[in-house]
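In order, the protein sequence lines correspond to chains A and B.
Under this note's numbering, the residue at position 225 of the first sequence is numbered 229, and the numbers go up by one with no gaps.
Under this note's numbering, the residue at position 11 of the second sequence is numbered 18, and the numbers go up by one with no gaps.
Don't be surprised by glycine CBs; every beta carbon is placed ideally from N, CA and C.
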Amino acid sequence: MNLKAIYKYGSPPNFYRFVTTLEPWCFFFGVSLILIGSIGGLFIAPKDYQMADAFRIIYFHVPSAYMSMSAYAAMGIASIIGIVWRSNVAFAAAKSIAPFGALITALALITGMLWGKPMWGTAWVWDARLTSEFVLLLLYLGYIMLHASIKEQKRADRAASLVAILGIINLPIIHYSVVWWNTLHQASTISKMDSPSIVGEMLWPLLVMIIGYMIFFIAVICRGSSAEILIREKRSNWVKEI
Amino acid sequence: MDTYIRLFSRETKVAFKRWTDVLTGIILFFLIALLFPLISDSDKDFLLKIVAPIMMFSAFFASLLSMQNMFKPDFQNGSIEQLLLSKRSFVGLISTKIISYWVFTSLPLILVSVFIASIYFVSGEAILIIQLTLLLSTLTMTFINAFTAAITLGIRYPGALMTLIIAPITLPILIFGSKAIENSILGLDISGPLYFLTGMMMLSLFLGPWITASALKISMD
Numbered sequence: 005m006n007l008k009a010i011y012k013y014g015s016p017p018n019f020y021r022f023v024t025t026l027e028p029w030c031f032f033f034g035v036s037l038i039l040i041g042s043i044g045g046l047f048i049a050p051k052d053y054q055m056a057d058a059f060r061i062i063y064f065h066v067p068s069a070y071m072s073m074s075a076y077a078a079m080g081i082a083s084i085i086g087i088v089w090r091s092n093v094a095f096a097a098a099k100s101i102a103p104f105g106a107l108i109t110a111l112a113l114i115t116g117m118l119w120g121k122p123m124w125g126t127a128w129v130w131d132a133r134l135t136s137e138f139v140l141l142l143l144y145l146g147y148i149m150l151h152a153s154i155k156e157q158k159r160a161d162r163a164a165s166l167v168a169i170l171g172i173i174n175l176p177i178i179h180y181s182v183v184w185w186n187t188l189h190q191a192s193t194i195s196k197m198d199s200p201s202i203v204g205e206m207l208w209p210l211l212v213m214i215i216g217y218m219i220f221f222i223a224v225i226c227r228g229s230s231a232e233i234l235i236r237e238k239r240s241n242w243v244k245e246i
Numbered sequence: 008m009d010t011y012i013r014l015f016s017r018e019t020k021v022a023f024k025r026w027t028d029v030l031t032g033i034i035l036f037f038l039i040a041l042l043f044p045l046i047s048d049s050d051k052d053f054l055l056k057i058v059a060p061i062m063m064f065s066a067f068f069a070s071l072l073s074m075q076n077m078f079k080p081d082f083q084n085g086s087i088e089q090l091l092l093s094k095r096s097f098v099g100l101i102s103t104k105i106i107s108y109w110v111f112t113s114l115p116l117i118l119v120s121v122f123i124a125s126i127y128f129v130s131g132e133a134i135l136i137i138q139l140t141l142l143l144s145t146l147t148m149t150f151i152n153a154f155t156a157a158i159t160l161g162i163r164y165p166g167a168l169m170t171l172i173i174a175p176i177t178l179p180i181l182i183f184g185s186k187a188i189e190n191s192i193l194g195l196d197i198s199g200p201l202y203f204l205t206g207m208m209m210l211s212l213f214l215g216p217w218i219t220a221s222a223l224k225i226s227m228d
């Protein structure tokens with residue numbers, strides 16, 4: 005990794021400028037990809053022979069489930085960078101990821117429940133993936149609450165980051181211990197690259213949706229962290245100039 | 008070595024002085040385990056079925072509640088800062104502190120669990136397995152709780168927040184611990200869960216003191 009780049013974007017004004025120029029682009033592409041994906045998924049893709057139209061909720065469920073985990077990974081990486089380089093910018097990014105991560109985890113759980121009700125007959129089963137998604141939500145909430153309940157900014161940042169890093173170490177252990185315990189959820193359908201068990205017409209909207217969610221999420225984080233940095237640096241000169 | 012022994016004996020004196028903190032865990036362990044048969048069903052088969060989760064559940068809460076004030080008094084009277092200023096390694100001193108805390112709060116649970124197991128009609132070898140499981144899992148939980156107690160040091164009422172942070176992290180230990188007890192009662196193979204618990208114990212033994220020490224440093228500056 006190029007250390008110079010870290011130092012360059014680690015300084016708040018540079019990061020702020022980078023993020024605010026990135027944000028509209030990501031917002032535009034994210035929203036348009038999500039629109040294309042939803043049209044493709046909701047109207048163009050053929051009906052499933054078993055699940056009829058109800059399967060279409062996966063176009064919202066799968067991307068949110070993907071994002072909930074990658075957002076936690078991003079939060080953990082930002083926390084590690086923050087702890088190692090004492091970077092205020094990384095802490096701001098980690099802090100702004102947390103609420104949206106929690107939100108999208110809740111979204112994944114809710115869409116999953118809506119899908120499970122007609123398909124499995126119940127909204128909730130004590131299955132490995134559902135349970136570890138729920139545990140992920142708890143990890144997000146723990147981070148947010150810890151950050152909110154420590155008054156002093158710097159201490160709150162570093163304490164909450166330690167919790168996020170511990171969560172990253174623990175997440176695979178939690179996941180596999182729950183898998184070992186019980187599993188009903190169907191295996192994922194697109195990671196089997198050589199023989200995907202989903203037809204192309206159904207697949208492309210899903211991929212578009214996943215990428216769209218990701219880019220839109222980046223836009224949201226850009227917005228959140230730029231606001232966070234302005235709050236943190238409100239006494240410095242470059243903020244007063246804006 | 009001398010320093011560690013002196014720290015340990017100091018912790019012993021403090022534990023006898025603050026006996027209410029130490030007793031909290033044992034009382035809670037007893038209460039949860041005794042109330043369950045009273046409010047649900049005292050049928051023998053049913054009790055044998057639920058003894059594993061109850062055992063882990065009450066051990067979890069006992070260790071959580073007895074440890075939420077682990078560092079607070081020492082933090083307020085400044086003795087933790089003295090440990091930080093000491094020539095010896097801070098991590099080593101902290102691990103001595105954590106282990107001595109485990110001896111006073113969790114070791115009694117393991118002794119008491121014989122009684123709890125017998126009122127749940129567990130007999131024979133399974134009692135030993137329950138003790139072994141509790142030994143491994145409370146040690147792991149103690150390190151996790153110590154970290155959380157250190158990180159929530161500046162907060163006035165950390166109880167609910169500590170539970171929220173600890174619960175997801177402790178979940179694998181609860182699952183495998185109750186699996187081990189259940190299997191031993193049913194007469195099945197217990198080596199898998201016990202290996203897992205031992206692995207987690209070793210991991211927390213190495214990682215726990217270090218991460219707790221850095222959490223304490225964060226809370227102090």
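Per-residue burial, residue i [other beta carbons within 10 Å of its own, 16 or more giving buried]
i              : result
E245 (chain A) : exposed
W130 (chain A) : exposed
D48 (chain B)  : exposed
Y202 (chain B) : exposed
G194 (chain B) : exposed
T155 (chain B) : buried
S96 (chain B)  : exposed
L116 (chain B) : buried
T24 (chain A)  : exposed
Y164 (chain B) : exposed
I43 (chain A)  : exposed
G105 (chain A) : buried
M8 (chain B)   : exposed
I34 (chain B)  : exposed
Distance between residue j and residue i (C-alpha atoms, nearest Å)
i              : j              : result
I176 (chain B) : T149 (chain B) : 12 Å
A110 (chain A) : M149 (chain A) : 16 Å
I154 (chain A) : K24 (chain B)  : 30 Å
M63 (chain B)  : S102 (chain B) : 24 Å
L142 (chain A) : I172 (chain B) : 8 Å
K94 (chain B)  : S226 (chain B) : 20 Å
D81 (chain B)  : R17 (chain B)  : 12 Å
I177 (chain A) : I197 (chain B) : 19 Å
I219 (chain A) : T170 (chain B) : 34 Å
F15 (chain B)  : V21 (chain B)  : 10 Å
L42 (chain B)  : I151 (chain B) : 27 Å
L223 (chain B) : M207 (chain B) : 22 Å
M123 (chain A) : I61 (chain A)  : 11 Å
R239 (chain A) : N92 (chain A)  : 15 Å
W242 (chain A) : P17 (chain A)  : 7 Å
L230 (chain B) : Y108 (chain B) : Since the first residue shown for chain B is 8 and the last is 228, residue 230 (chain B) is missing from the structure and cannot be characterised.
R13 (chain B)  : L135 (chain B) : 33 Å
K104 (chain B) : M74 (chain B)  : 12 Å
Chain B within 8 Å of residue i, Cβ atoms only
i              : result
I154 (chain A) : yes
N174 (chain A) : yes
L166 (chain A) : yes
N46 (chain A)  : It is worth fixing the name first, because residue 46 (chain A) is Leu in this sequence and not Asn. Output row for L46 (chain A): interface = no.
M79 (chain A)  : no
A163 (chain A) : yes
M197 (chain A) : Note that M197 (chain A) scores 45 on pLDDT, short of 50, meaning its location in the model is unreliable; the coordinates nonetheless yield the value given after this. No, its Cβ sits nowhere closer than 8 Å to a Cβ of chain B.
M149 (chain A) : yes
Residue i - DSSP class collapsed to helix/strand/coil
i              : result
F128 (chain B) : coil
E156 (chain A) : coil
Q138 (chain B) : helix
Y180 (chain A) : helix
V129 (chain A) : coil
L35 (chain B)  : helix
K238 (chain A) : coil
S15 (chain A)  : coil
W208 (chain A) : helix
Y164 (chain B) : coil
F78 (chain B)  : coil
W124 (chain A) : coil
G146 (chain A) : helix
Y108 (chain B) : helix
Beta carbon proximity, residue i to chain A, threshold 8 Å
i              : result
L168 (chain B) : yes
I176 (chain B) : yes
I172 (chain B) : yes
F97 (chain B)  : no
P179 (chain B) : yes
A222 (chain B) : yes
Could you tell me whether the segment 118-125 of chain A touches the segment 227-235 of chain A, using the rule of 3 or more Cβ pairs below 8 Å?
Not touching, per the Cβ criterion.
Determine, using beta-carbon pairs with one atom in the segment 186-193 of chain B and one in the segment 69-77 of chain B, whether at least three such pairs fall under 8 Å.
no
Count the C-beta pairs between the segment 72-91 of chain B and the segment 117-126 of chain B that are closer than 8 Å, then say yes if the count reaches three, no if not.
no
Can at least three beta-carbon pairs, one atom from the segment 77-89 of chain A and one from the segment 165-182 of chain A, be found at a separation below 8 Å?
yes
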